[in-house]
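**Student:** Protein chains in written order, with the working numbering: chain A, 305 to 424; chain B, 2 to 216.
Glycine residues also receive a C-beta, built at the ideal position from the N, C-alpha and C atoms.
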Amino acid sequence: HTEPRVGGGPGGACRTRRLHVSFREVGWHRWVIAPRGFLANFCQGVCTLPEALQGPGGPPVLNHAVLHALMHAASPTQGAGPPCCVPARLSPISVLFFDNSDNVVLRHYEDMVVDECGCR
Amino acid sequence: TRAPAPSGPAAAALFQALGMHEVPRGVPTPRPVPPVMWRLFRRRDPREARAGYPLRPCHVEELGVAGNIVRHIPDSGLFSRPPGPTRTSGLCPKWTVTFDLKGVGPAEHPTRARLELRLEAEHEDTHGWELSVALLAEVEHPGPELLRMPVAPGLPVRADLLGAAVATNASMPRTLRLALALHRGATTVCARLAEASLLLVTLDARLCPPPRLRR
Numbered sequence: 305h306t307e308p309r310v311g312g313g314p315g316g317a318c319r320t321r322r323l324h325v326s327f328r329e330v331g332w333h334r335w336v337i338a339p340r341g342f343l344a345n346f347c348q349g350v351c352t353l354p355e356a357l358q359g360p361g362g363p364p365v366l367n368h369a370v371l372h373a374l375m376h377a378a379s380p381t382q383g384a385g386p387p388c389c390v391p392a393r394l395s396p397i398s399v400l401f402f403d404n405s406d407n408v409v410l411r412h413y414e415d416m417v418v419d420e421c422g423c424r
Numbered sequence: 002t003r004a005p006a007p008s009g010p011a012a013a014a015l016f017q018a019l020g021m022h023e024v025p026r027g028v029p030t031p032r033p034v035p036p037v038m039w040r041l042f043r044r045r046d047p048r049e050a051r052a053g054y055p056l057r058p059c060h061v062e063e064l065g066v067a068g069n070i071v072r073h074i075p076d077s078g079l080f081s082r083p084p085g086p087t088r089t090s091g092l093c094p095k096w097t098v099t100f101d102l103k104g105v106g107p108a109e110h111p112t113r114a115r116l117e118l119r120l121e122a123e124h125e126d127t128h129g130w131e132l133s134v135a136l137l138a139e140v141e142h143p144g145p146e147l148l149r150m151p152v153a154p155g156l157p158v159r160a161d162l163l164g165a166a167v168a169t170n171a172s173m174p175r176t177l178r179l180a181l182a183l184h185r186g187a188t189t190v191c192a193r194l195a196e197a198s199l200l201l202v203t204l205d206a207r208l209c210p211p212p213r214l215r216r
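#1: By a C-beta neighbour count over all protein chains shown, 10 Å radius and 16 as the cutoff for buried, is L132/B buried or exposed?
#2: Using the three-state DSSP reduction, which class does P396/A fall into: helix, strand or coil?
#3: Looking only at its own chain, which residues have a Cβ that is under 8 Å from the Cβ of M416/A, when we skip the five neighbours before and after it?
#4: Is there a Cβ from chain B that is less than 9 Å from the Cβ of F346/A?
#5: For G104/B and N407/A, which I take to be in contact (beta-carbon distance under 8 Å), what is that distance rounded to the nearest angstrom?
#6: Can you round the beta-carbon distance between R411/A and V390/A to whole angstroms, since I take them to be within the 8 Å contact cut?
#7: Cα separation between D419/A and F327/A?
#8: Should D76/B be labelled buried (16 or more other beta-carbon atoms within 10 Å of its own) or exposed?
#9: Apart from the five residues just before and just after L102/B, which ones in its own chain have a Cβ nearer than 8 Å to its Cβ?
#10: Please state the DSSP three-state secondary structure of Q348/A.
#11: With 16 other CB atoms within 10 Å as the buried threshold, where does R40/B fall?
#12: Please classify E131/B: does DSSP put it in a helix, a strand, or coil?
#13: Pick helix, strand or coil for M375/A, following the three-state DSSP scheme.
#14: Under 8 Å between beta-carbons, which chain A residues line up against N251/B? List them in chain order, please.
#15: Which residue marks the beginning of the beta strand (DSSP E) containing A160/B, and which one marks its end?
#16: Do you know offhand how far T89/B's Cα is from F100/B's?
#17: Who are the neighbours of E23/B on chain A, taking C-beta pairs under 7 Å?
#18: Taking DSSP's pairing of strands, which residues face M150/B in a bridge?
#19: Does the distance between the C-beta of V330/A and the nearest non-hydrogen atom of the ligand ADP fall short of 8 Å?
#20: Roughly how many whole angstroms lie between the Cα atoms of P111/B and L15/B?
#21: Helix, strand or coil for H368/A, going by three-state DSSP, please let me know.
#22: To the nearest angstrom, how far is it from the Cα of R72/B to the Cα of R207/B?
#23: Would you mind working out which of Q17/B, R57/B, P33/B sits nearest P210/B, comparing C-alpha positions?
#24: In its own chain, which residues sit with a C-beta less than 7 Å from the C-beta of E121/B, not counting the 5 before and 5 after it?
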């Protein structure tokens with residue numbers, strides 16, 4: 305279940321969008337015990353100036369992203385677009401499931417939930 | 002229209018990326034989830050972690066060891082045993098327990114291997130027994146005794162096998178077979194092995210976050 309995709313309008317700055325991963329929808333619900341799903345989120349939005357320069361609450365802007373956005377504003381070409389809107393901070397989840405030998409397994413996975421997005 | 006979930010080589014690559022070396026067959030035999038596994042799962046939930054005590058990555062707090070994969074492996078030979086405590090010439094019965102370790106990946110290193118047993122006796126007023134554990138090789142003869150420990154009636158039995166039956170720095174065997182024997186001592190009654198399982202914690206360093214480098 306995702307937020308509707310946004311276009312390149314003024315309201316479409318790079319930020320975290322909601323994405324709920326349902327294990328039932330991907331067909332894993334028979335062997336995944338818990339959780340049934342999780343809020344994984346995703347990043348979407350434009351990274352042109354000034355959107356590429358996030359406020360003090362956001363992730364630190366890479367110098368490369370600023371100059372990339374500046375270069376793109378000065379000379380927009382198809383080959384070198386604006387910086388990419390990508391995950392800047394992620395967090396882990398744990399998954400409880402049955403393996404093929406019917407053992408109960410608890411596995412810890414890093415980088416499963418997007419907490420913060422940034423222009424990179 | 003919804004596209005079907007990836008299958009075949011695409012699914013295998015996807016599961017390999019998630020650190021699983023085989024595609025789940027999808028329809029497990031239903032069995033209750035052991036309480037210890039629920040407890041460990043809830044303990045890892047960031048919403049239930051206590052404020053000010055952040056979860057350490059690649060560490061199983063409740064068991065006090067490094068690790069990112071915990072398995073509860075039931076004894077696969079449980080139903081081949083006689084239901085009651087059979088005695089042979091005055092001795093308590095001996096049992097063979099078998100644990101299927103095929104799901105353990107080659108990159109996983111064990112950090113805890115705990116044998117858990119539940120013994121049931123007809124009379125709880127015994128003085129307890131002594132349990133001995135030996136590794137059972139391909140031939141049916143048990144190897145040298147790995148450990149011997151006192152066992153109290155009515156209490157769960159927990160024996161640490163790491164370093165004894167499970168090597169710390171070697172790859173895991175595909176199957177672990179153990180010979181268990183109960184020694185009566187001064188007690189006159191024997192017990193029945195009602196349940197046997199292995200709680201295995203492993204660490205796959207590839208799934209741990211890399212240390213942050215200073216620029």
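**Tutor:** Per the coordinate set shown:
#1: buried
#2: strand
#3: F342, A344, L394, S395, P396, I397
#4: no
#5: 6 Å
#6: About 25 Å separates the two Cβ atoms, so there is no contact after all.
#7: 20 Å
#8: buried
#9: I74, M173, P174, R175, T176, L177, L201
#10: strand
#11: exposed
#12: strand
#13: helix
#14: Beyond the ends of chain B as shown, which are 2 and 216, falls residue 251/B; an answer cannot be given.
#15: 158-161
#16: Low local confidence applies: a pLDDT of 48 at T89/B is under 50, so the model's placement there is unreliable, with the coordinate-based value given in what follows. Distance between the alpha carbons of T89/B and F100/B is about 26 Å.
#17: N404
#18: L132/B
#19: For the ligand ADP, the structure offers nothing, since it holds no ligand at all.
#20: 25 Å
#21: helix
#22: 18 Å
#23: R57/B
#24: A192, R193, A195
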